[in-house]
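Heads up: the structure comes next, in structure tokens.
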Amino acid sequence: MKGMLHPAPARVDAGQGARALATENSFRTGILSGMLLACGLFLSGASEPASAAAIAPPAAAAPPDDGQWIMPAKNYASTRFSELSEINEGNVKNLQVAFTFSTGVNKGQEAAPLVVGNNMYIVTPFPNIVYALDLSRPGAPMKWKYEPNPEPAAQGVACCDVVNRGAAFADGRIFFNTLDGHTIALDANTGKPIWNTHIGNINIGETITMAPLVVKGKVLVGNSGGEMGVRGWVKALDAGDGHVVWTAYGTGPDKDVLIGPDFKPHYDMDRGTDLGVTTWPPEAWKIGGGNMWGWISYDPDLNLIFHGTGNPGPWNPDLRPGDNKWTSGIFARDADTGAAKWFYQWSPHDLHDYDGINEQILLDMTWQGKPRRVLVRPERNGYLYILDRTTGEVLSATAYGPVNSSKGVDLKTGRLIANPDKRTGTGKVVRDICPTASGLKDWQPSAFSPRTGLLYIPHNNLCMDEEGVEVNYIAGTPYVGMNVRMIPGPGGNRGAFTAWDV
Numbered sequence: 005m006k007g008m009l010h011p012a013p014a015r016v017d018a019g020q021g022a023r024a025l026a027t028e029n030s031f032r033t034g035i036l037s038g039m040l041l042a043c044g045l046f047l048s049g050a051s052e053p054a055s056a057a058a059i060a061p062p063a064a065a066a067p068p069d070d071g072q073w074i075m076p077a078k079n080y081a082s083t084r085f086s087e088l089s090e091i092n093e094g095n096v097k098n099l100q101v102a103f104t105f106s107t108g109v110n111k112g113q114e115a116a117p118l119v120v121g122n123n124m125y126i127v128t129p130f131p132n133i134v135y136a137l138d139l140s141r142p143g144a145p146m147k148w149k150y151e152p153n154p155e156p157a158a159q160g161v162a163c164c165d166v167v168n169r170g171a172a173f174a175d176g177r178i179f180f181n182t183l184d185g186h187t188i189a190l191d192a193n194t195g196k197p198i199w200n201t202h203i204g205n206i207n208i209g210e211t212i213t214m215a216p217l218v219v220k221g222k223v224l225v226g227n228s229g230g231e232m233g234v235r236g237w238v239k240a241l242d243a244g245d246g247h248v249v250w251t252a253y254g255t256g257p258d259k260d261v262l263i264g265p266d267f268k269p270h271y272d273m274d275r276g277t278d279l280g281v282t283t284w285p286p287e288a289w290k291i292g293g294g295n296m297w298g299w300i301s302y303d304p305d306l307n308l309i310f311h312g313t314g315n316p317g318p319w320n321p322d323l324r325p326g327d328n329k330w331t332s333g334i335f336a337r338d339a340d341t342g343a344a345k346w347f348y349q350w351s352p353h354d355l356h357d358y359d360g361i362n363e364q365i366l367l368d369m370t371w372q373g374k375p376r377r378v379l380v381r382p383e384r385n386g387y388l389y390i391l392d393r394t395t396g397e398v399l400s401a402t403a404y405g406p407v408n409s410s411k412g413v414d415l416k417t418g419r420l421i422a423n424p425d426k427r428t429g430t431g432k433v434v435r436d437i438c439p440t441a442s443g444l445k446d447w448q449p450s451a452f453s454p455r456t457g458l459l460y461i462p463h464n465n466l467c468m469d470e471e472g473v474e475v476n477y478i479a480g481t482p483y484v485g486m487n488v489r490m491i492p493g494p495g496g497n498r499g500a501f502t503a504w505d506v
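Throughout, the numbering used here is defined as the position within the sequence shown, counted from one, plus 4.
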């Protein structure tokens, strides 16, 4: 894999963009649209309600807004909230298109652009081209582009489109991942490559689609490939030269998962020795998934990173009896060493491919009269969780949409209560399971406003018919073992947008 840097052309016609269209099965050419506030007003934001005053992200994880967007989640607390107030409900109707920019890639556009100073940075789906646009000039002309030229074969082992979820900026550098398993650092001003580290193996079906997070001089990345029998991991790379500092696996013996004497999970179900081996059939953990393809948050005060783990493989639960640690859960890890501090499993023995990779929003709030450091997580299994982020204790778990695959969460044991009537297996067709395999909410992140105290959740309204089938592991090929037919949920609509009072 050899990247190519292209300087900007002498002239960029900002009118050559094409609008993005999306259907259930395909995505047309993606574009970026710049919006201009025509009225030119600078109005203050709405006053903060009293109910929201006691709920806020930790200051160290969400510093005052400087008008930039240097990571996909806006800040380490993952609020995705901007304090800027020039655009508001009174003048939003006056917005006009200032420019359009075509990525030229007819695949899923899942990467939020970054804004650093006067520059905007965009990462495309495969072939993972990085563009820098100059926002200080009319039409936002291209400043530079970098083409990493990933291996074409990576497209054939990507389970769920050849997407990329974005880049991160730190210390004058842009960090991003490629589908064929490279993490690359570019000079943000020139686009010239600084380092390129190969950490994935497409020959076994391993890809990288997630957006990295930079914490204390380390670039945190994780792999995809749970549908190919790929064993999951999260790695920390040195931001200076790209060497691997530590690796924590999502399955396997404690030493591989970086579980040591400081590991103190809150619930009995997550305590024991080498559970990443003993909760699987013999050797199954080696091809068991638990990939980290989603979002990471960081609490500087606790020096903890929080990341989810993906589904166990294969999907057919009959082929992997046991809780299948450490899949479909969340880890809190020391940011310096990667050592696990606690773990909680959203969906033990995940029956329906619910994963556990969604975003976690870090908030400080009063809970039952006591100050708590919490994380809020709308999970794919259908429940909105509030966890104490220092211990992993579940404070609350409430369904935020139609759920019949389970009957709630036992707050004493922490365990999801599976509905036996909705459990599928080999040769068994079960109908009308809600939510579907992509979850009540998939990777599409929510956002929290400290002004309203509300969490804004874009989510699915899909159910499914499901049948388990036999499957054998062959490296680099699908390892699923499930037939799935998705259908609209109650009401007939396929999606919803919910504001939730935390």
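For glycine and all other residues, C-beta sits at the position ideal for the given N, C-alpha and C.
- Cβ neighbours of A451 within its own chain (closer than 7 Å, five residues either side excluded): T83, R84, F85 and Y460.
- The way I'd put it, the region 429–437 does touch the region 469–477; three or more beta-carbon pairs between them come closer than 8 Å.
- In the DSSP annotation of this structure, the continuous segment of the beta strand (DSSP E) that includes D242 starts and ends at W237 to D242.
- In the DSSP assignment, K374 falls within the beta strand (DSSP E) that extends over K374 to P382.
- Boundaries of the alpha helix (DSSP H) around D260: D258 to V261.
- Annotation for V261: A252, Y253, G254, T255, G280, W330 and A344 place their beta carbon closer than 8 Å to its own, counting only its chain and skipping 5 residues before and after.
- Our two residues, D138 and T201, have alpha carbons roughly 28 Å apart in a direct line.
- A503 and Y387 have their alpha carbons spaced roughly 14 Å apart.
- Under the DSSP assignment, L279 falls in the alpha helix (DSSP H) whose first and last residues are L279 to T282.
- DSSP places V248 within a strand segment (E or B) once states are collapsed to three.
- In terms of Cβ geometry, D242 and V249 form a close pair [threshold 8 Å].
- Residue environment: S453 is assigned as buried (16 or more neighbouring CB atoms within 10 Å of its CB, all protein chains considered).
- A residue is called buried when at least 16 other Cβ atoms come within 10 angstroms of its Cβ; Q448 does not meet this threshold and is exposed.
- DSSP, read as helix, strand or coil, puts A157 in helix.
- In chain order, Q72, I74, F173 and A192 place their CB closer than 7 Å to the CB of V120, counting only its own chain and leaving out the 5 sequence neighbours on each side.
- F347 counts as buried, since no fewer than 16 other beta carbons sit within 10 angstroms of its beta carbon.
- Here A81 carries a coil assignment [DSSP, helix/strand/coil].
- Taking C-alpha positions only, W284 is separated from L217 by approximately 31 Å.
- Around the Cβ of K239, a 10 Å sphere holds 16 or more other Cβ atoms; the residue is buried.
- Setting aside the 5 residues that flank it on each side, P76 is surrounded in the same chain by A116, G170 and A215, each with a C-beta closer than 6 Å to its C-beta; the list follows chain order.
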